[in-house]
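Chains as they are written, first to last, in this note's numbering: chain A, 1 to 262; chain B, 1001 to 1281.
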Amino acid sequence: MENLAQHHIGLAPHLCGECCTRIEGLEVTLNHHSILEDITLHLHCGELTTLVGPNGAGKSMLLKAILGEVRHGGAIHFLPVSGHGREDVPVIGYLPQQLDFDRDSPINVHDLFATAVSRWPVALWYSRRTRRAALESLRLVEAEHLIDRRIGQLSGGELQRVLLALSLTPVPNLLLLDEPVSGIDAAGRELFYRTVSDLRRRFDLSILMVSHDLAGVIAVSDRIVFLNRRIICLGRPAEVIANPDLRRTFGLDLASLETSRP
Amino acid sequence: MNLLHAVISRLPFEWAQFEFMRNALLAVIIVAPLFALIGTLVVNNRMAFFSDAIGHASLTGLGLGVLLGLADPFWALVFFSLLLGVGILALQRFTRSSMDTVISLSMCFSLALGVVLLSRGGSFNRFSSYLIGDLLSITAREIGQLFITSILVGGGLLLGYNRILSIGLNESLARSRGRGAWWPQMLFCAAIALVVTMNLGWVGILIINSLLVLPAAAARNIAHDARQYVLIAVGISLFCGIAGLITSFYANTATGATIVLVAMACFMATLGIKWRKARVG
């Protein structure tokens, strides 16, 4: 929490453009099936990299490998970022695939933050500091008004913004988003992308986002990685959408993209 | 202790004149909040069936204790309940089968083993008091033990409360924040095993789980945040414990079961409040 306050003061207005995370020759094998092979990918500060690919391409698995949740071959180097007062060990923010929370749970947004960042048992008392920190994070995603709302009462888009705020507490070096907008209406998606896009500049964050919404991410992504067990192609959005394999996979999406956004 | 007895016996009620009732009342007051606290986690983490299995495993622990010829099988009970809890978690991780299947088969196994061990020589009836329990048999020394263990278990649980709750909300989210460690789940499992075993003598194996689950489930109907949830659960648990105890005295029924019936009534009442609110609001 203290860290959060520091980061807010020391916002990075410029983009350092350095390589923050280097993934070298990463591979994942589960039950003798190769899930990911030879993934070499560099993530830069202040850049939003989007992972696209068909179902079962290993997109979520790549995020889990970076998080250290699955065993993997190859190497992942996190470069220390100088001048930001951050430590060498990176803070990784993670927004998992659409969570199914128990709708009847008496847990509100404040509790969600308190259980995640504070050790004082929420059963006993609420600390004012935790509440302030939660509000501060929620402000980043325009969701302060939701703090006393029960989680079950949030809409899909609201819930994703709240979870995004949570993944920014404390402000991470690397932010991983796993299909953050699936099942959210167009307005909610728009707002979510706008927020993420602002955040990356404000905090000089490197963001890796998995998405099925190719049409939506083209405008906000700095780079797109087309993944299908290995990296098929990688580059600026305009370069990647020219790839024939990608066009085949996302045929429908692209057709609608070309008609709706000339 | 004597002071407490003196205070309670001043109450102008018939039941307050009996020492066994005063002991039982003290036991209820000590244990009810702890049950409620654990219950809030059990219900929120969807582990009601899990805690049920751990409770039933104590039958096997009893069997083992008898087999080993222990005078006081308490630690055998705790040990086996804990072993089953760890076993269920490990088996689920290892086989990746659904949790309810793993729990169900573990519970059947431990129950069968318990019954086999206890029925050797053909006299299971000796142990049937463990199935139903008898609160009125509780002694002053046992109350002291209950008090100390309750403080320890409750304190430990509060230390891990946030972690356990966040694991229950979403495990992969908790793990990504470094909060999905193995120990909170084990701590939780140990707390359930200890508390269930400690109170087995007076509630009985058959219904002990409902004392964990009912107050929390009732509180969930009307609570708006996590703190209210726990406070209401503790309140309901205390109320049901005391009301059930007194009712059982006058109605001459088994105490544990009477408490459960009162708790069920509380649950229905809070459900009514929830529905009414939903209709009005």
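Every residue gets a Cβ at the ideal spot worked out from N, C-alpha and C, and that includes glycine.
For H72/A, count neighbouring Cβ atoms within 10 angstroms of its own Cβ and tell me buried if that reaches 16, exposed if not.
The residue labelled residue 72/A in the question sits at position 72 within the first sequence. Buried is the call here.
What's the gap between the Cα of A1233/B and the Cα of G25/A?
Here residue 1233/B refers to the residue found at position 233 of the second sequence. Here residue 25/A refers to the residue found at position 25 of the first sequence. Rounded to the nearest angstrom, the two C-alpha atoms are 53 Å apart.
Can you pull the chain B residues whose beta carbon is under 9 Å from the beta carbon of H110/A, in chain order?
Stepping through the first sequence from its first residue, residue 110/A is reached at position 110. Going along chain B in sequence order, the residues near H110/A (Cβ under 9 Å) are D1225 and A1226.
Cβ pair count under 8 Å reaching 3, the stretch 1076-1094 of chain B against the stretch 144-159 of chain A:
no
Please state whether DSSP places V1086/B in a helix, a strand or coil.
The residue labelled residue 1086/B in the question sits at position 86 within the second sequence. DSSP places V1086/B in helix when its eight states are reduced to three.
Would R86/A be called buried (16 or more neighbouring beta carbons within 10 Å of its own) or exposed?
The residue given as residue 86/A occupies position 86 in the first sequence. Any reading at R86/A must be qualified, since the residue scores a pLDDT of 45, below 50, and its modelled position is unreliable; the value itself is stated next. R86/A is buried by the Cβ-count criterion.
Mind checking whether S1150/B and I92/A have CB atoms under 9 Å apart?
For the purposes of this step, residue 1150/B is taken as the residue at position 150 of the second sequence. For the purposes of this step, residue 92/A is taken as the residue at position 92 of the first sequence. No.
Would L1169/B and T115/A be called neighbours here (beta carbons separated by less than 9 Å)?
Residue 1169/B sits at position 169 when you count from the first residue of the second sequence. Residue 115/A sits at position 115 when you count from the first residue of the first sequence. Result yes, Cβ atoms of L1169/B and T115/A sit closer than 9 Å.
Here's the rule I'm using: 16 or more other beta-carbon atoms within 10 Å means buried, otherwise exposed. How should C1240/B be labelled?
In the second sequence, residue 1240/B corresponds to position 240, counting from 1. Result: buried.
Alpha carbon to alpha carbon, what distance is there between S1104/B and S1098/B?
By 1-based counting over the second sequence, the position of residue 1098/B is 98. By 1-based counting over the second sequence, the position of residue 1104/B is 104. The straight-line gap from Cα to Cα measures roughly 10 Å.
4-residue-minimum alpha helix (DSSP H) runs that sit fully inside the stretch 1099-1182 of chain B, ordered along the chain:
1099-1118, 1129-1132, 1140-1169 and 1171-1176
Going along the stretch 32-50 of chain A in order, which residues come within less than 9 Å of chain B, judged by CB to CB distance?
none
Boundaries (first-last residue) of the alpha helix (DSSP H) holding Y94/A:
On the first sequence, residue 94/A is found 94 positions in, with the first residue counted as 1. Counting along the chain, Y94/A falls outside any alpha helix (DSSP H), though it belongs to the beta strand (DSSP E) covering I92 to L95.
Beta-carbon proximity check, A1226/B vs V1043/B, cutoff 9 Å:
As a first step, residue 1226/B is located in the second sequence; it is residue number 226 there, counting from the start. As a first step, residue 1043/B is located in the second sequence; it is residue number 43 there, counting from the start. For A1226/B and V1043/B, no; Cβs fall outside 9 Å.
So which residues on chain A does L1037/B lean against when the C-beta distance must stay under 9 Å?
To locate residue 1037/B, count along the second sequence from 1; it is residue 37. By Cβ distance, chain A contributes A123.
So, helix, strand or coil for H33/A, using DSSP?
To locate residue 33/A, count along the first sequence from 1; it is residue 33. Strand at H33/A.
Could you tell me whether the stretch 1205-1223 of chain B touches the stretch 1253-1269 of chain B, where touching means 3 or more Cβ pairs closer than 8 Å?
yes
Using the rule of at least 16 other Cβ atoms within 10 Å of the residue's Cβ for burial, across every protein chain shown, is C20/A buried or exposed?
Reading the first sequence from its first residue, position 20 is the one you call residue 20/A. So C20/A ends up on the buried side.
Check I184/A in the structure and name its three-state DSSP category.
Taking the first residue of the first sequence as 1, we reach residue 184/A at position 184. Correct three-state label for I184/A: coil.
T1040/B to L1157/B span [Cα, whole Å]:
Numbered from its first residue, the second sequence carries residue 1040/B at position 40. Numbered from its first residue, the second sequence carries residue 1157/B at position 157. Straight-line Cα distance between these residues: approximately 11 Å.
Spatially closest choice to G1155/B from T29/A, S221/A and W120/A, by CA coordinates:
Counting from 1 along the second sequence, the entry for residue 1155/B is found at position 155. Checking every option, the nearest Cα to that of G1155/B belongs to W120/A.
Below 8 Å on the Cβ atoms is my guess for L1146/B versus A1027/B; work out the distance and round it to an integer in Å.
Taking the first residue of the second sequence as position 1, residue 1146/B is located at position 146. Taking the first residue of the second sequence as position 1, residue 1027/B is located at position 27. Their Cβ separation, rounded to whole angstroms, is 6 Å, which keeps L1146/B and A1027/B in contact under 8 Å.
S137/A CB to nearest chain B CB: under 9 Å?
Residue 137/A sits at position 137 when you count from the first residue of the first sequence. Taking Cβ atoms only, chain B never reaches closer than 9 Å to S137/A, which makes this a no.
Let me see if you follow: with CB-CB separation under 9 Å, is L177/A close to chain B or not?
The residue you call residue 177/A lines up with position 177 of the first sequence. So no, L177/A is outside the interface.
Is the beta carbon of V52/A sitting closer than 9 Å to the one on V181/A?
As a first step, residue 52/A is located in the first sequence; it is residue number 52 there, counting from the start. As a first step, residue 181/A is located in the first sequence; it is residue number 181 there, counting from the start. Not closer than 9 Å, so no.
The stretch 206-239 of chain A: which residues have C-beta closer than 9 Å to a C-beta of chain B, in chain order?
none
Determine contact between the stretch 102-113 of chain A and the stretch 53-73 of chain A, defined as no fewer than three beta-carbon pairs at a distance below 8 Å.
no
From G1122/B to H1224/B, what distance separates their C-alpha atoms?
Looking up residue 1122/B in the second sequence gives position 122. Looking up residue 1224/B in the second sequence gives position 224. Using only the alpha carbons, I get a separation of about 52 Å.
Can you give me the C-alpha to C-alpha distance between E69/A and Y94/A, rounded to a whole angstrom?
Your numbering for residue 69/A matches position 69 in the first sequence. Your numbering for residue 94/A matches position 94 in the first sequence. Between E69/A and Y94/A, the C-alpha separation is close to 12 Å.
Which of the three DSSP states, helix, strand or coil, is assigned to R194/A?
Numbered from 1 along the first sequence, position 194 holds the residue referred to as residue 194/A. Residue state, collapsed to three classes: helix.
Roughly how far, in whole angstroms, is the beta-carbon of I1132/B from the beta-carbon of G1256/B, given that I think they are within contact range, below 8 Å?
Within the second sequence, residue 1132/B is the residue found at index 132, counting from 1. Within the second sequence, residue 1256/B is the residue found at index 256, counting from 1. Indeed, because the Cβ distance is near 7 Å, the residues count as touching under 8 Å.
Hey, D178/A and L63/A are a contact pair by Cβ (cut 8 Å); roughly how many whole angstroms apart?
One-based indexing of the first sequence puts residue 178/A at position 178. One-based indexing of the first sequence puts residue 63/A at position 63. That pair is a contact at about 6 Å.
Buried versus exposed call for S1106/B [16 or more other C-beta atoms within 10 Å across all chains shown]:
Taking the second sequence and counting its residues from 1, one reaches residue 1106/B at position 106. The residue in question, S1106/B, is buried, as its Cβ has 16 or more Cβ neighbours within 10 Å.
Using DSSP with H/G/I as helix, E/B as strand and the rest coil, what is F113/A?
Counting from 1 along the first sequence, the entry for residue 113/A is found at position 113. Helix at F113/A.
Along the alpha helix (DSSP H) that carries S60/A, what are the first and last residues, could you check?
In the first sequence, the residue the question calls residue 60/A occupies position 60. Its alpha helix (DSSP H) spans residues K59 to L67.
Can you tell which of E27/A, R230/A and L43/A has the C-alpha that lies nearest to the C-alpha of L79/A?
Taking the first residue of the first sequence as 1, we reach residue 79/A at position 79. Closest option to L79/A, Cα to Cα, is L43/A.
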